[in-house]
Each structure stands twice: as C-alpha cells, then as structure tokens.
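Residue numbers (the numbering used here): 1218 to 1557. Input: a single structure, listed below in structure tokens.
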C-alpha cells in the first residue's frame, strides 16, 4: 500500500485518469489532506463513498513516529522513527521572520564531512517523498504552528536523493498542497556539480545554498571528501553558471572550526574566491559534539572573520545560535538516543 503523502498532484491526477475518473478528484483529495489536514479518508465530505473506499484500499495516510522532542529558547528538535526502524531528525527554529524547519532527506549520509555528526552513520537509504512531507505536517501539528520557511539541510545530502527531493519540493510548493512559496524553500548541497547544473535547468525558483566550509582545496580536501571529486574551482564555476541562468543569489555556508579554517588569511582567500559573485556568506558557529574533536571558534575570531569579509565587500551574516539544551548538531539527537 502506497503512502499518499508521496504523490505529487500530477501523479495523483494520473492515478484517477487511469481509472477512467475525473482528475479534479485529485485536487479534492489534495485539499483535504493538506488544507484540512485529515487523518482518515472517511473525513472527506465532498468525495463519493466509492472513491473513499478505493483510496482506503490503495493508499495509506501513515505518519512518522515521534520518538523524542527537545525544546529550548526559539528551537525545538524532533527525533522521528520510520516504519523500518530507522531514525531521522527535524529542527524547528523560530526567527523574527517566522518559523523555519530544517528537514532530513536521507537516513545517514555518504558525503563524509569530518565535522558532521550525521556522516558518522553512513547512508542507509534515501528518504521516500512521504517521509519528507510528513516531517513538516507533524511538526506543524505537534507545535500548532505554520511553517513559513523550509530548509533541506538536515541529515543527508539532498542532491544525492535528487528525484525524491524535487517531488517533495513540488508538493511543498503546490497551491493546492502545502502551498509554501518557492522563495521560502532552500536546498543545501555540499557541491555535487552535475546536480547543481541539473537543478539549474529545473525551473524551480527555490533558493540554493552551497556548503563550502573552506577557502582552499587543501583544507576542503581534509574536512569534506566531496572535494576530491569536485574541487572548489569546479563548484564556483557551477555556481556562476547557475546564477547566470537563473538570476538567483546563492548562499555559501561556512562553518568556522577553531584553528582549521577560521584565520584572517582564510577570510581573505574566501573573499577572493567569491569576488563579483551574486552571493552572501552565512558564517556558522560550530556545534561541538562529544563524538568529534573539532572545537568552536571564539566569538572574537568569528567577528574578525566577519569584519574581514565585510571589508572585502562580501555580503555576510552570522547564523543565530540557538539554545544549548538541545542536541544542536545535526544527527546528534539520533546518536544520543541510540547510545542512551
């Protein structure tokens, strides 16, 4: 039995058309699922009994299992259990501009970034579309809120689960579905160049973020194994093509690791790399974890790095740090749960 949350509107329309039915029924079902947030097909009032019985026979409305929730100031972290026993995380962050949810796209990750808790569990599998969709539905229900921004920056590399992620975005963006504006959705990638170029041609108006985290290949080779396949120069070239094609600004994510990539010379190098590109840099203070030896840069070091980029005419922000009571690093809550 297929989970209906994994169906885009065109795919559900095609399902009804193949049965010799009217495709508007797909719109009805979508609106009941995503506007009314029903938990049973029997709750649909303007749909025939025959259609309801058919849906009950062929589709499930199965949610994820909420295993754990950690709450602190302006942040809430969720640990979800999947049907096969695997676990994923989602993080709700409350900003002055609204409620932002960071969702996972895979169980584990094969990118092997040495500073990342998620990568300690190698990729088990891609998340199905419905397993991404239900993260946002269940957080909204659990917290009684509306998500205004969504980032694919949780466990996993979104572009390593490209097709499912693109369908997930379609459901998010569908006016009859979750109806989240494309410009309020961000996809983050560590720099899989062919997928950046494919994404460029997709016509999606969502935001692109590149996890760069180094100002030269020597450092990036050590902390991000993806750099062995796609050097910084190749990533930057792909980003330039993306901007030229889409006329969209790109974000570069840069985690500051004490004594590794946080010196003034690194900031100067980074400014040279990004000169003339329509982008901004998001500096991220590192979330320390007991499993990984990297340390967080001092506030003074972070501000010096920030000031150096500013002086070199690079648009830059420092990501807000959230409460210390939650297992802040991506993948840390799952690791603590399994080891506890």
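By construction, the Cβ of each residue, glycine as well, lies at the ideal position given by its N, Cα and C atoms.
So the alpha helix (DSSP H) residue i belongs to, where does it begin and stop?
i: residue 1399; result: No alpha helix (DSSP H) contains residue 1399, which DSSP labels as neither H nor E.
i: residue 1434; result: 1434 to 1440
i: residue 1250; result: 1241 to 1251
i: residue 1535; result: Here residue 1535 belongs to no alpha helix (DSSP H); instead the beta strand (DSSP E) covers 1533 to 1535.
i: residue 1524; result: 1516 to 1528
What's the gap between the Cα of residue i and the Cα of residue j?
i: residue 1275; j: residue 1493; result: 53 Å
i: residue 1304; j: residue 1348; result: 11 Å
i: residue 1380; j: residue 1517; result: 42 Å
i: residue 1448; j: residue 1346; result: 31 Å
i: residue 1291; j: residue 1284; result: 20 Å
i: residue 1229; j: residue 1237; result: 13 Å
i: residue 1454; j: residue 1496; result: 13 Å
i: residue 1415; j: residue 1394; result: 25 Å
i: residue 1445; j: residue 1350; result: 33 Å
i: residue 1239; j: residue 1233; result: 6 Å
i: residue 1422; j: residue 1443; result: 26 Å
i: residue 1513; j: residue 1420; result: 38 Å
i: residue 1577; j: residue 1297; result: The requested residue 1577 does not occur in the structure, where the chain is confined to residues 1218 to 1557.
i: residue 1529; j: residue 1489; result: 8 Å
i: residue 1457; j: residue 1286; result: 40 Å
i: residue 1559; j: residue 1269; result: Not covered by the structure: residue 1559. The range shown for the chain is 1218 to 1557.
i: residue 1336; j: residue 1439; result: 15 Å
i: residue 1424; j: residue 1405; result: 8 Å
i: residue 1373; j: residue 1254; result: 27 Å
i: residue 1302; j: residue 1324; result: 11 Å
i: residue 1338; j: residue 1427; result: 22 Å
i: residue 1266; j: residue 1273; result: 10 Å
Does DSSP put residue i in a helix, a strand or coil?
i: residue 1387; result: helix
i: residue 1279; result: coil
i: residue 1426; result: strand
i: residue 1225; result: coil
i: residue 1366; result: strand
i: residue 1471; result: strand
i: residue 1456; result: helix
i: residue 1335; result: helix
i: residue 1266; result: helix
i: residue 1606; result: Any property of residue 1606 remains undetermined from this structure, which presents the chain solely from 1218 to 1557.
i: residue 1378; result: helix
i: residue 1231; result: helix
i: residue 1415; result: helix
i: residue 1219; result: strand
i: residue 1461; result: helix
i: residue 1513; result: strand
Which residue wins for smallest C-alpha separation from residue i, given the options the options?
i: residue 1407; options: 1375, 1382 and 1385; result: 1375
i: residue 1277; options: 1287, 1300, 1421 and 1242; result: 1300
i: residue 1568; options: 1509, 1433, 1491 and 1458; result: Given that the chain is displayed from residue 1218 to residue 1557, the structure contains no residue 1568 and the question cannot be resolved.
i: residue 1295; options: 1244, 1273, 1256 and 1360; result: 1360
i: residue 1332; options: 1475, 1526 and 1530; result: 1475
i: residue 1534; options: 1310, 1508, 1468 and 1367; result: 1468
i: residue 1484; options: 1502, 1526, 1389 and 1514; result: 1526
i: residue 1430; options: 1501, 1235 and 1336; result: 1501
i: residue 1491; options: 1470, 1503 and 1508; result: 1470
i: residue 1460; options: 1482, 1435, 1437 and 1417; result: 1417
i: residue 1248; options: 1313, 1308, 1226 and 1265; result: 1226
i: residue 1306; options: 1282, 1511 and 1503; result: 1282
Which residues bound the beta strand (DSSP E) around residue i?
i: residue 1443; result: Here residue 1443 belongs to no beta strand (DSSP E), and DSSP marks it neither H nor E.
i: residue 1353; result: Counting along the chain, residue 1353 falls outside any beta strand (DSSP E), though it belongs to the alpha helix (DSSP H) covering 1346 to 1360.
| field | Entirely enclosed alpha helix (DSSP H) segments - the stretch 1284 to 1332, minimum 4 residues | value | none
| message | I'd like the ranges of any alpha helix (DSSP H) spanning at least 4 consecutive residues and lying wholly in the stretch 1463 to 1508. | response | 1481 to 1491
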